[in-house]
Amino acid sequence: MAVKTLTINGEQYSAQEGESILSVARQHNIPIPTLCHLEGLSTVGACRLCVVQIEGIPRLLPACTTKVEEGMVIQTANERLNKYRRMIVALLASEGNHVCAVCVANNHCELQDLAYSVGLVRVRYPYLFPNKQLDATHKDYVMDHNRCVLCTRCVRVCDEVEGAHVWDVAGRGINSEIITGLDYSWGNSQTCTECGKCVMVCPTGALFEKGVTVSEMEKKKGFLKYIITARQKKEWVSIGNE
Amino acid sequence: MTLEDLQELSEKEQLRQAEKKHRILYCSAAGCASCGSDKIGAVLKAKIKEHGLEKECEVVGTGCLGLCGEGPLVKLQSDQTLYQNVDVQAAEQIIESHIVKNLPVTAKKVDTTQPFFISQTKIVLENCGEINSESIDEYIGVRGYEALAKVVNEMQPAEVIEEIRKSGLRGRGGAGYSTGLKWGIVSKAHGEQKYVVCNADEGDPGAFMDRSVLEGDPHRVLEGMAIAGYAVGATQGYVYCRAEYPLAIERLKLAIKLAEKMGMLGNRILESQFNFRIDIRIGAGAFVCGEETALLQSIEGKRGNPKPRPPYPSEKGLWGMPTLINNVETFANIAPIIRNGSEWFAGIGTEKSKGTKVFALAGNIRNTGLIEVPMGIPLRKIIFDIGGGTPEGTEFKAAQTGGPSGGCIPKDHLDLPVDYESLSKVGSIMGSGGMIVMDSTSKMVDVAKFFMQFCMDESCGKCIPCRVGTRHIYGLLDKISKKKATQDDMVLLQELCTMVKETSLCGLGQSAPNPVLSTLRFFRNEYEELLQPVEIYQGEPGVVADFEK
């Protein structure tokens, strides 16, 4: 495969053809915030947090889905991008009912981390306080729609890795919601294998194990890498405690 | 069937029509059908029978006759008399007086010398309202399928693409990408199977151009698609039509059936080696499915969510194969370009925008209806000559083009030529061709609010800026219109609009703030008049929380 040279934030890097900007950035420890992206799952470019500025392209493009090209000149952070990222996280905060103080994922939450990392100190948009439901019908897990950010990681992991496709999105716009099967309650799903992958990839406290209380729900996403490596390379690599 | 057979058939049909003393056309498209044109058609037919004139007269249901606001419309093809607001009584009179005694019914007669009729240039709509849209013979009678026969028997695919490229035709769906270039990319893309898709998911409020073309002249679209299929090397086409157009779907279905029977579609088209099938896919009522990547997802049977581009559909489209997507009106332009040559087409319009554009004229305007004008025509001419101006006692304020993705053009820009570049310079877009005229009674904040509500309701919910951003923009506009907002909210509104525009995933989100931005640009005073003075705002605690859902 051909090697491509590109400039990120003024420094030159080389990358494999077909690689995404995000992947190159991650390899060189250049921080780009992401939410819907998770290594091992397909990319959807939905959260728009990873948008970067590329010279010669008027639009901002998401780093996760944009492939590197020879001679690309990329900026991963500047005043404009940082502002937009802060606004995106603020929009998420105003959209759901995110109350960290009583959340099972407090201190283990990617949305919370994002808010810190983009420097969100105040949400200027009116909170929408949607009337969302909580589904605790499953014997091991709970889905709390109040904390869902619609990143669709659960939908993708269930479809692409587990192969069950229990989850999907229903409704549109601000009324979109993750549903189980054809909008059954989770406990009545005939396709759920109870594997718990969705719970582990969920960035917030929307999906959690029963029995955990505030701050107890730690998400172990390392399993995904373990499974993918095993499937693709036939190597069973220990992933430690991650 | 060969080209000679086709021409013979065409002559036969022309002869058959010439033998009729009168062809009485009534509009059977959705606009007039909604005010009872079917009944008028039945009355006309019954009256003809009553007078025993079946041999010399025929009553034909056609596509849109243009002046939709005055329907039902009836036209006598022989002497081009047009009747408006035809009711049962008038229909009887037309036969008894005009046909039998040769005395036109003056009370319902339309003055066809007015600019609405004579200032138009018809290419896409040339057969619309002239032929029976349910008859393939009548389409062949107006040289239909001749272009396809010429293409499959005499031209190489590359020659077809070159011809379209030279014509300067640009996509009529809104963005205005060069059609020839797009065809070239798809033809060069590698894939074991290629597809041609016709985007008939017209969803802009107030737009009905594509519907009228499909209802009035469906074969023209099929012919354009088949030519495209031949040019890019596709053997399968899909028309993606919204379910809200039942009549268009019905006529398309019939047209496909008739075309297959005659050998214009299917295997070995017109005795060449070219095979091309067309199927219809019906949308389920989502505006976002007019966005090409969402449309393809929907055809594949998935949830109609847009995907990031690149990869573009021309490289990876339907089921990962190279796919050509064009709008109904774009396909409708193809056959005439092949028939008359690219120079002819390139001679119409402006330097960068060639040909004509169909507009659906609606809103506060006298002549509501479907018009086709050459590109580059001044806006003033469309609104005041063809449209007849705003109703009496009101003053023109702005024209809105491009639907929820477009913007408002104020009075100062009335002399603007209507082409892709000029419209985008003033913050609007050509769009698919909706043109809503607003007069002094329209409130611009409410206009912006209406379009934002539309975008909010139609957002798919995939990306955050569009899903939540449009909701908050709507909330802010609502607050402004209820006189509860302050200057702070204006700042927030502008910031949000820019952010949603620049970070959204697909065209819907990227263009959703346009109606707000363009009204802010030209009618900022209307916003500011509604704002609370800061002093009062600060003096009243509680106003901050006084946000209504």
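In order, the protein sequence lines correspond to chains Z and E.
Mind the numbering: the first sequence is residues 8 to 249 in my numbering, read in order.
Mind the numbering: the second sequence is residues 40 to 588 in my numbering, read in order.
From the three backbone atoms N, C-alpha and C, an ideal C-beta is built for every residue, glycine too.
Candidates the options: closest to residue i by CA position
i: E:Leu104; options: E:Glu93, E:Ser117, E:Ile134, E:Ser67; result: E:Ser67
i: E:Gly215; options: E:Leu142, E:Asp77, E:His137, E:Ser471; result: E:Ser471
i: E:Val190; options: E:Tyr277, E:Phe313, E:Leu142; result: E:Phe313
i: Z:Phe136; options: Z:Cys107, Z:Cys161, Z:Gly103, Z:Val130; result: Z:Gly103
i: E:Gly356; options: E:Glu283, E:Glu231, E:Arg204, E:Leu516; result: E:Glu231
i: E:Val199; options: E:Arg560, E:Asn553, E:Cys280, E:Ile373; result: E:Ile373
i: E:Val98; options: E:Ala130, E:Gly70, E:Cys107; result: E:Ala130
i: E:Arg209; options: E:Gly242, E:Asp176, E:Tyr459; result: E:Tyr459
i: Z:Arg92; options: Z:Leu42, Z:Cys116, Z:Tyr134, Z:His105; result: Z:Leu42
i: Z:Lys11; options: Z:Val208, Z:Trp243, Z:Glu76; result: Z:Glu76
i: Z:Gly218; options: Z:Cys110, Z:Asp120, Z:Leu29; result: Z:Cys110
i: E:Thr395; options: E:Gly402, E:Gly386, E:Asn403; result: E:Gly386
i: E:Lys488; options: E:Asp118, E:Val555, E:Ala57, E:Ser461; result: E:Val555
i: E:Glu530; options: E:Asn192, E:Glu431, E:Arg506, E:Glu567; result: Checking the sequence, you will find Val at residue 530 of chain E rather than Glu. That would be E:Glu567, whose Cα lies nearest to the Cα of E:Val530.
i: Z:Thr50; options: Z:Asn36, Z:Leu29, Z:Gly63; result: Z:Leu29
i: E:Lys88; options: E:Gly514, E:Val139, E:Leu112; result: E:Val139
i: Z:Gly229; options: Z:Tyr148, Z:Leu45, Z:Leu88; result: Z:Leu45
i: Z:Asp175; options: Z:Asp147, Z:Lys204, Z:Ile186; result: Z:Ile186
i: Z:Lys139; options: Z:Asn182, Z:Met207, Z:Glu26, Z:Tyr123; result: Z:Asn182
Exposed unless 16 or more other CB atoms sit within 10 angstroms - verdict on residue i
i: E:Gln132; result: buried
i: E:Thr407; result: buried
i: Z:Pro40; result: buried
i: Z:Arg66; result: exposed
i: E:Ser498; result: buried
i: E:Gly578; result: Because E:Gly578 sits at a pLDDT of 44, beneath the cut-off of 50, its placement in the model cannot be relied upon, and the point is left open.
i: E:Arg560; result: exposed
i: E:Ala437; result: buried
i: E:Thr332; result: buried
i: E:Val127; result: exposed
i: Z:Gly63; result: exposed
i: E:Tyr234; result: buried
Contact with chain E by residue i, beta-carbon distance below 8 Å
i: Z:Ser183; result: yes
i: Z:Ser101; result: yes
i: Z:Arg238; result: no
i: Z:Tyr123; result: no
i: Z:Tyr191; result: no
i: Z:Val162; result: no
i: Z:Ile64; result: no
i: Z:Val58; result: yes
i: Z:Arg179; result: yes
Interface flag, residue i vs chain Z, CB-CB below 8 Å
i: E:Gly514; result: yes
i: E:Ala273; result: no
i: E:Arg281; result: no
i: E:Ala325; result: yes
i: E:Val582; result: At E:Val582, the pLDDT of 44 sits below 50, so the modelled position is not reliable; the number obtained from the coordinates is stated separately. Not an interface residue.
i: E:Gln571; result: no
i: E:Glu579; result: A caution first: E:Glu579 carries a pLDDT of 46, below 50, which makes its placement in the model too unreliable to give a value.
Amino acids of chain E, ordered along the chain, whose beta-carbon sits closer than 7 Å to that of residue i
i: Z:Cys165; result: Result: empty, since nearest Cβ-Cβ is about 15 Å, beyond 7 Å.
i: Z:Leu157; result: Gly500
Where residue i meets chain Z, residues with beta-carbon distance less than 7 Å
i: E:Phe347; result: First, the amino acid is wrong: residue 347 of chain E is Pro here, not Phe. Those within 7 Å of E:Pro347 in chain Z are Gly52, Pro69, Thr72.
i: E:Leu544; result: Gly52, Ala53, Arg55
Beta-carbon neighbours of residue i, restricted to chain Z and to distances below 8 Å
i: E:Arg342; result: Asp175, Val176
Chain E contact residues for residue i, given Cβ-Cβ distances below 8 Å
i: Z:Tyr233; result: Going along chain E, no residue has its Cβ under 8 Å from Z:Tyr233, so there is no contact; the nearest lies around 28 Å.
Where residue i meets chain E, residues with beta-carbon distance less than 9 Å
i: Z:Arg33; result: Here the premise fails: no neighbours, minimum Cβ distance about 18 Å.
Check distances from the C-beta atoms of the region 495-510 of chain E to those of chain Z and list, in chain order, the residues that come in under 9 Å. Met495, Asp496, Glu497, Ser498, Cys499, Gly500, Lys501, Cys502, Ile503, Pro504, Cys505, Arg506, Val507, Gly508, Thr509, Arg510
Listed from N- to C-terminal order along the chain, which residues in the region 530-542 of chain E have their beta-carbon within a distance smaller than 7 Å of any beta-carbon of chain Z? Leu531, Met538, Glu541, Thr542
Residues of the region 127-145 of chain Z in Cβ contact with chain E at a cutoff of 8 Å, in chain order, please. Arg131, Tyr132, Pro133, Leu135
According to a CB-to-CB cut-off of less than 9 Å, which residues of the region 191-217 of chain Z neighbour chain E? none
Please list the residues of the region 81-98 of chain Z that have a C-beta atom closer than 7 Å to any C-beta atom in chain E, keeping them in chain order. Tyr91, Met94, Ile95, Leu98
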